[in-house]
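Only one structure is covered here, and it is reproduced in the block below.
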Amino acid sequence: MLRARAVEDTRGPMTFVIDLGTDKISGAALLSTDGQEIINTVAPAMRHGITASELRNSIDTHLSSTEAFNDVSGVVVLNDT
Numbered sequence: 216m217l218r219a220r221a222v223e224d225t226r227g228p229m230t231f232v233i234d235l236g237t238d239k240i241s242g243a244a245l246l247s248t249d250g251q252e253i254i255n256t257v258a259p260a261m262r263h264g265i266t267a268s269e270l271r272n273s274i275d276t277h278l279s280s281t282e283a284f285n286d287v288s289g290v291v292v293l294n295d296t
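When you line the sequence shown up against our numbering, it's residues 216 to 296, in that order.
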C-alpha cells in the first residue's frame with residue numbers, strides 16, 4: 216500500500232471476505248494504517264450491495280489508503296470450511 220509506505224507504517228493486516236459466487240463483500244477486518252478510512256468506503260458498499268469488482272474499479276484519490284482495496288481484492292484465498 217503506497218500510503219502506508221509514505222507514512223512509514225506498513226504494519227497490520229487487511230482482510231476482506233468476498234463471496235466468489237455473488238462478488239458481494241461480506242466482511243472486513245482492518246488492523247492497518249488508516250483502517251478507519253478504508254472501512255468508511257467498504258461499509259457503505261456492503262450496505263448497498265456494491266460488488267467487490269465495482270468497488271475495485273472505482274476511482275480513489277491518490278495517495279490514499281482506500282486504494283489498498285484494489286490491491287487486497289486482487290488476491291483471492293479460497294476457504295472450504
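All residues carry an ideal CB built from backbone N, CA and C; glycine is no exception.
Check                                                                                                                                                     : Outcome
Mind checking which residues open and close the beta strand (DSSP E) that includes residue 227?                                                           : Element bounds for residue 227: n/a, residue is neither H nor E.
Please state whether DSSP places residue 270 in a helix, a strand or coil.                                                                                : helix
Give the C-beta separation of residue 233 and residue 241 to the nearest angstrom, bearing in mind that I take them to be a contact with Cβ-Cβ under 8 Å. : 7 Å
Measure the Cβ-Cβ separation of residue 267 and residue 238 and say whether it is below 9 Å.                                                              : yes
Could you check the C-alpha separation between residue 257 and residue 250 for me, to the nearest Å?                                                      : 10 Å
By DSSP, does residue 264 sit in helix, in strand, or in coil?                                                                                            : coil
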